[in-house]
Amino acid sequence: MKYQPHIRTAFLLACFILVVNQLSGCASASKSVGMTAENIDLQHRQPYSVQVQVSGGHDTGALERSQISNEAFAEALVTSIEKSKLFTEIKQDENADYLLHVVLFDLEQPMFGGAFEVRMEAAWMLINRSNGETVWKKSIKSQHTAGVSDAFAGVTRIRLATEGAAKNNIAQGIDLLSKLDL
4 MKYQPHIRTA FLLACFILVV NQLSGCASAS KSVGMTAENI DLQHRQPYSV
54 QVQVSGGHDT GALERSQISN EAFAEALVTS IEKSKLFTEI KQDENADYLL
104 HVVLFDLEQP MFGGAFEVRM EAAWMLINRS NGETVWKKSI KSQHTAGVSD
154 AFAGVTRIRL ATEGAAKNNI AQGIDLLSKL DL
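Heads up: the sequence shown runs through residues 4 to 185, numbered per the numbering used here.
Next up, the structure:
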């Protein structure tokens, strides 16, 4: 019983260090390179051009957890499509055969912990430019966990987990698009 104040002090000190670790540093936005999917096995390639559009993302504020901006997700998606060769060409204008519109609408991030599991959901829509018809739509859920072995600082772990969830979402989307018979 004599040692109980020391145990309580050590416990409070450990809790304080954990909180400082989680909150210290500035939040860093998710980077497109961390969200880029690679080595995706395609069922078949689409012989068409595509324009990519992303909405629903958010820029990261200084006091926020890592967010996914529209620009960063779009860049990762375009790079992933180019690497996989899913479509023959990616165009920046309405002259593309198809419009791939992805809406980021759910990003669940933990506040504290040793391992951060981030879950996200995005709505994917493929629209035929010639007639405006939506030929495919799917809500895709993904997740990724980053632990202390990935990064000691909490702000870095949350960014890595967020990027990993986005990367998994992109990989699933490209895989599903490769199964379409357009």
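All C-beta atoms in this analysis are idealised placements derived from N, C-alpha and C, irrespective of residue type, glycine included.
Is it the case that the Cβ atoms of residue 49 and residue 103 are separated by a distance below 7 Å? no
Boundaries (first-last residue) of the alpha helix (DSSP H) holding residue 58: Where residue 58 is concerned, there is no enclosing alpha helix (DSSP H), although the beta strand (DSSP E) it sits in stretches over 49-58.
Heavy atom of the ligand GTP less than 6 Å from the Cβ of residue 65, yes or no? What this structure holds is no ligand at all, so the ligand GTP is not there to describe.
For residue 20, does the three-state DSSP call read helix, strand or coil? Since pLDDT at residue 20 reaches only 49, below the 50 mark, its modelled position is unreliable, and the value read off the structure follows with that caveat. Reduced to three states, the DSSP call for residue 20 is helix.
Run of the alpha helix (DSSP H) containing residue 78, from where it starts to where it stops: From DSSP, the alpha helix (DSSP H) with residue 78 extends over 73-87.
Which residues in the same chain have their Cβ closer than 6 Å to the Cβ of residue 39, if we skip the five residues on either side of it in sequence? Within the same chain, Cβ atoms closer than 6 Å to the Cβ of residue 39 are found at 79, 82, 83, the five residues on either side in sequence being excluded.
contact_flag[the segment 43-63, the segment 139-148] where n(CB pairs < 8 Å) is 3 or more: no
Sort out for me which residues DSSP pairs residue 146 with in a bridge. 122
Residue range of the beta strand (DSSP E) that residue 91 falls in? That run of the beta strand (DSSP E) goes 90-93.
For residue 184, which residues of its own chain have a beta-carbon under 8 Å away from its beta-carbon, when the five flanking residues on both sides are left out? none
Unbroken beta strand (DSSP E) run spanning residue 111, endpoints: 101-111
Is it buried or exposed for residue 166, if we count other Cβ within 10 angstroms and need 16 for buried? Of the other Cβ atoms in all chains shown, 16 or more fall within 10 Å of the Cβ of residue 166; this residue is therefore buried.
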